[in-house]
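Visitor: Quick note on numbering: UniProt numbering labels position 99 of the sequence shown as 99, and the sequence is numbered without any gaps. First the structure, then my questions, so here it is.
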Amino acid sequence: MGRGRVELKRIENKINRQVTFAKRRNGLLKKAYELSVLCDAEVALIIFSNRGKLYEFCSSSNMLRTLERYQRCSYGAVEVSHSAKEIEVTTIIKHHLAHACTVILTII
1 MGRGRVELKR IENKINRQVT FAKRRNGLLK KAYELSVLCD AEVALIIFSN RGKLYEFCSS
61 SNMLRTLERY QRCSYGAVEV SHSAKEIEVT TIIKHHLAHA CTVILTII
């Protein structure tokens, strides 16, 4: 028997919200790992908690290299200095994080 559909709205109870976040975060990290292993895909996942704590998964050994590859594929190869490149990668992460979270929650 399948599970019922969860209503997507903010969980008001702080403790329940934190427990749900931890469970879903762990499930999402597990799915990212499974996708990378089963499909031999390069996967990078970045999660920020509401307190600003960072959780990440990268199937390759270097997250920055994966993000730079993403940037090249998404925006074309643009030559920038190293410090400007770091700033641009950070901007891209912030810009696409909200969209990526929406897509990921839809998949789950």
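Ideal Cβ positions, reconstructed from N, Cα and C, are used throughout, including at glycine.
When the cut-off is 8 Å and only beta carbons count, does Lys9 lie next to chain C?
Guide: This model lacks chain C altogether; it includes just one protein chain.
Visitor: Are there 16 or more other CB atoms within 10 angstroms of the CB of Ala41, so buried, or fewer, so exposed?
Guide: One-based indexing of the sequence shown puts residue 41 at position 41. Per the 10 Å Cβ criterion, exposed.
Visitor: Determine the extent of the beta strand (DSSP E) in which Leu54 is found, giving its start and end residues.
Guide: As a first step, residue 54 is located in the sequence shown; it is residue number 54 there, counting from the start. Counting along the chain, the beta strand (DSSP E) containing Leu54 begins and ends at Leu54 to Cys58.
Visitor: Between the beta-carbon of Cys58 and the beta-carbon of Thr66, is there less than 8 Å?
Guide: Within the sequence shown, residue 58 is the residue found at index 58, counting from 1. Within the sequence shown, residue 66 is the residue found at index 66, counting from 1. Contact flag set, yes.
Visitor: Please report the distance separating the alpha-carbon of Gln18 from that of Cys39.
Guide: Numbered from 1 along the sequence shown, position 18 holds the residue referred to as residue 18. Numbered from 1 along the sequence shown, position 39 holds the residue referred to as residue 39. Spanning the two alpha carbons is a distance of roughly 31 Å.
Visitor: Measure from the alpha carbon of Phe21 to the alpha carbon of each residue in Ile92, Met63, Gln71 and Arg51, then state which is nearest.
Guide: On the sequence shown, residue 21 is found 21 positions in, with the first residue counted as 1. Selected option, being the one with the closest Cα: Arg51.
Visitor: Count the other C-beta atoms from every protein chain shown that fall within 10 angstroms of the C-beta of Ile11, then say buried if there are 16 or more, exposed otherwise.
Guide: Your numbering for residue 11 matches position 11 in the sequence shown. When all chains shown are included, Ile11 counts as exposed.
Visitor: Where does Ile11 sit, in a helix, a strand or coil, going by DSSP?
Guide: Along the sequence shown, read from residue 1 onward, the residue named residue 11 stands at position 11. Ile11 falls in the coil class under three-state DSSP.
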